[in-house]
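From first to last, the protein sequence lines stand for chains A and B.
The first sequence lines up with residues 1108 to 1400 when you count with my numbering.
The second sequence lines up with residues 1108 to 1400 when you count with my numbering.
Down below is the structure, laid out as structure tokens.
Protein chains: 2
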Amino acid sequence: MAVLFPRVALIGVGLIGSSLCHAIRRGGLAGHIAATARSERTRAKAVELGLVDSMHPDAGTAAAGADLVVICTPIGTYAEIGAAIRARLKPGAILTDVGSVKQAAVRDLGPLVPEGVHFVPGHPVAGTEHSGPEAGFAELFDGRWCILTPPPGTDQGAVDRLAEFWRRCGSQVEIMEPAHHDIVLAITSHLPHLIAYTIVGTATDLEDATRKEVVKFSAGGFRDFTRIAASDPVMWRDIFLNNREAVLEILGRFTEDLTALQRAIRWGEGDKLEDWFIRTRAIRRGIIDAKQA
Amino acid sequence: MAVLFPRVALIGVGLIGSSLCHAIRRGGLAGHIAATARSERTRAKAVELGLVDSMHPDAGTAAAGADLVVICTPIGTYAEIGAAIRARLKPGAILTDVGSVKQAAVRDLGPLVPEGVHFVPGHPVAGTEHSGPEAGFAELFDGRWCILTPPPGTDQGAVDRLAEFWRRCGSQVEIMEPAHHDIVLAITSHLPHLIAYTIVGTATDLEDATRKEVVKFSAGGFRDFTRIAASDPVMWRDIFLNNREAVLEILGRFTEDLTALQRAIRWGEGDKLEDWFIRTRAIRRGIIDAKQA
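So this is what it looks like as structure tokens:
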């Protein structure tokens, strides 16, 4: 198949950025992969792994002349990166990102996008608990969804080309409003991470002897939470700070439900507990049917 | 290796009971596996799968003459099963269970154990989200811990024989006080399940359109919770009802921590969030080092 973009620039080569390198190579989607990363170590590692065709010391140089620029850094860096690259973006280029909060992407990058550049925020709903350029692999996006949230009036051709790019990275593509994206992800991703971080922290604060046993006997459910709670701390800090309203809204509902179950346990209301637990099985079946298990 | 028990009786052949059948066969640990199950369907399925040597219509008949009796049913059934089998237990037999709350096992079964029968409560810390006789497999216990909580004065020979049984099922064995077991499991297993059940229920209550999207985009963390929340409802109802004190204590600590993180999100305290998320990574490393990942 033909190259989709002669030159792709990746700002950041962590888990998502490095997986994109692999997926782009696998699909023959770009003529040239340019990249940058904030730390010298990450830049050197990405070069050593042969992930990129050219490595640049800063975002502006990396983005210069690229047909597709993908920001793959924590959301808190967007405004700074936008300021650094805006003058270097080629007319007709597509600017996108992979962040987990889309209203923040629109808020921080939108005003900086020059005339003639197509801004199409995106979010591949895929990941692992590992970070850094060594963590990437070509199959990360296979069968997963990528959500695009183009602002009103965005050039349809640009949206189509970016959608085709993600499809050829293995994803299915969905178009969504940024606000709707942020509430859906608050429940499917942000709240689960917050909960997992909390419970693992609660365990960390137990007295020494008990904490050792918690590690030893983690196979009863806890270890799944520790996997989630091992995800990148800065990336997650930025997600919570930038999707505050939606996370607090969903967290409020969760706390109400947890309080109701807590009360059922305290008062020995077995029927209430059993009914709740039967109901939740149905959602699991839905996920298996949707091939997202 | 030699047969450990000429006759083993399993009361219940769900996930754990049927996995024990496979592990017993793999290790050549018993001369004969007798079993029973409450439902006709389960009994027929276990026979069809060739899991047992004899299937019995009730617990008393199954336990009669057995050298090892393993109760593999929800904790709420223990008192009834104890009453049904006590007169049929062979002198010198070992009576054990696999339940996730050990103080309740001691409370409900202890007073019913006849003179000359060795009562050694147990808990293999292993499982999957699947239930029923089809769900079992020989490797379920491999490398996992089995906790035994023998009451004071229990015959050491009986404890040693049961420990050897679990080791030859693939497990490592640990001896513990029942109360301590219940608090450790409250954090490593019971609270994670309660949280997972809660969040999946919270998602179930969203309006229809959003719920469909929650299933579709579950790869961001939510699907791991749905897996946990697909576990057997009756088993889990009984765990929460029977480990109330420990679960409520740990839940209290969890809620305090969650409230603190919620406040940090509301007030934009990024440093506090990042510190917390860095700290939780260390526990994950501990679990990987302990080979329980």
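Ideal Cβ placement from N, Cα and C applies to all residues, glycine included.
The model shown is predicted, which means the values in this text are computed figures rather than measured ones.
Between the region 1119 to 1135 of chain A and the region 1226 to 1239 of chain A, do three or more beta carbon pairs fall short of 8 Å?
-> yes
For my contact list, residue 1118(B) and residue 1213(B) are in at a C-beta cut-off of 8 Å; report their separation, rounded to the angstrom.
-> Locating residue 1118(B) in the second sequence gives position 11, where the first residue counts as 1. Locating residue 1213(B) in the second sequence gives position 106, where the first residue counts as 1. Not a contact, Cβ separation roughly 17 Å.
What does residue 1210(A) touch in chain B if you count any residue whose Cβ is under 9 Å from its own?
-> Position 103 of the first sequence, counted from the first residue, corresponds to residue 1210(A). The contacting residues do not exist; residue 1210(A) stays about 15 Å from chain B at best.
Going along chain A, which residues have a C-beta under 7 Å from residue 1325(B)?
-> Within the second sequence, the letter at position 218 stands for residue 1325(B). By Cβ distance, chain A contributes 1295, 1394 and 1399.
Take residue 1372(A) as the anchor and find which of 1218(B), 1346(B) and 1276(B) has the nearest alpha-carbon.
-> In the first sequence, residue 1372(A) corresponds to position 265, counting from 1. Minimum Cα distance to residue 1372(A) is reached at 1346(B).
Let me know the secondary structure DSSP gives residue 1330(B) once reduced to three states.
-> As a first step, residue 1330(B) is located in the second sequence; it is residue number 223 there, counting from the start. Helix at residue 1330(B).
7 Å Cβ cut-off: residues of chain B touching residue 1341(A) = One-based indexing of the first sequence puts residue 1341(A) at position 234. Simply 1381.
Exposure of residue 1251(B), with buried meaning 16 or more beta-carbon neighbours within 10 Å = As a working note, residue 1251(B) is residue 144 in the second sequence. Result: buried.
Chain A within 9 Å of residue 1385(B), Cβ atoms only | Your numbering for residue 1385(B) matches position 278 in the second sequence. Interface residue, yes.
Could you tell me whether any non-hydrogen atom of the ligand SAH is closer than 8 Å to the CB of residue 1199(A)?
-> Annotation note on the ligand SAH: not contained in the displayed structure, which lists no ligands.
Through-space distance from residue 1137(B) to residue 1171(B), alpha-carbon basis | By 1-based counting over the second sequence, the position of residue 1171(B) is 64. By 1-based counting over the second sequence, the position of residue 1137(B) is 30. Distance between the alpha carbons of residue 1171(B) and residue 1137(B) is about 15 Å.
Where the region 1217 to 1245 of chain A meets chain B: residues whose CB sits under 8 Å from a CB there | 1232, 1233, 1234 and 1236
What do you reckon, are the CB atoms on residue 1376(B) and residue 1340(A) nearer than 9 Å?
-> Within the second sequence, numbered from 1, the residue matching residue 1376(B) stands at position 269. Within the first sequence, numbered from 1, the residue matching residue 1340(A) stands at position 233. No, these two residues do not count as a Cβ contact at 9 Å.
The region 1296 to 1308 of chain B touching the region 1312 to 1328 of chain A, judged by at least three CB pairs closer than 8 Å = yes
Indicate whether the contact test is met: 3 or more Cβ pairs, each with one atom in the region 1182 to 1194 of chain A and one in the region 1345 to 1364 of chain A, closer than 8 Å.
-> yes
When you compare each of 1269(B), 1173(B) and 1193(B) to residue 1228(B) by their alpha carbons, which one comes out closest?
-> Position 121 of the second sequence, counted from the start, is the residue given in the question as residue 1228(B). Among 1269(B), 1173(B) and 1193(B), the Cα nearest to that of residue 1228(B) is on 1269(B).
Residue 1145(B) (DSSP reduced to helix, strand or coil) = For the purposes of this step, residue 1145(B) is taken as residue 38 along the second sequence, with counting starting at 1. Reduced to three states, the DSSP call for residue 1145(B) is coil.
Do we get a CB-CB distance below 9 Å when we pair residue 1356(A) with the residues of chain D?
-> In summary, chain D is missing from the structure at hand, where the protein chains are A and B.
Using a Cβ cut-off of 7 Å, pull out every chain B residue sitting near residue 1336(A), in sequence order please.
-> Taking the first residue of the first sequence as position 1, residue 1336(A) is located at position 229. Simply 1387 and 1391.
Name the chain B residues whose beta carbon is nearer than 8 Å to that of residue 1252(A)?
-> As a working mapping, residue 1252(A) is identified with position 145 in the first sequence. What residue 1252(A) touches in chain B: 1323, 1324 and 1326.
CB contact check: residue 1153(B) to chain A, cutoff 9 Å | As a first step, residue 1153(B) is located in the second sequence; it is residue number 46 there, counting from the start. Taking Cβ atoms only, chain A never reaches closer than 9 Å to residue 1153(B), which makes this a no.
Kindly list, in the order they appear in chain B, the residues whose Cβ is closer than 7 Å to that of residue 1307(A).
-> Taking the first sequence and counting its residues from 1, the one referred to as residue 1307(A) is at position 200. Correct list: 1387 and 1390.
Just reading off the alpha helix (DSSP H) that residue 1315(A) is part of, what are its end residues?
-> Position 208 of the first sequence, counting from 1, holds the residue named residue 1315(A). Note, residue 1315(A): alpha helix (DSSP H), 1315 to 1323.
DSSP-derived helix/strand/coil call for residue 1114(B) = The residue you call residue 1114(B) lines up with position 7 of the second sequence. Correct three-state label for residue 1114(B): strand.
Kindly list, in the order they appear in chain B, the residues whose Cβ is closer than 7 Å to that of residue 1301(A).
-> As a first step, residue 1301(A) must be located in the first sequence, where it is residue number 194. Within 7 Å Cβ-Cβ: 1368.
Along the beta strand (DSSP E) that carries residue 1175(B), what are the first and last residues, could you check?
-> Here residue 1175(B) is taken as the residue at index 68 of the second sequence, counted from 1. That run of the beta strand (DSSP E) goes 1175 to 1178.
For a contact meaning CB atoms closer than 8 Å, what does residue 1361(A) contact in chain B?
-> Against the first sequence, residue 1361(A) aligns to sequence position 254. Simply 1305, 1306 and 1309.
Using a C-beta to C-beta distance shorter than 7 Å, which residues of chain A count as neighbours of residue 1413(B)?
-> Only positions 1108 to 1400 of chain B appear in this structure, which leaves residue 1413(B) out of reach.
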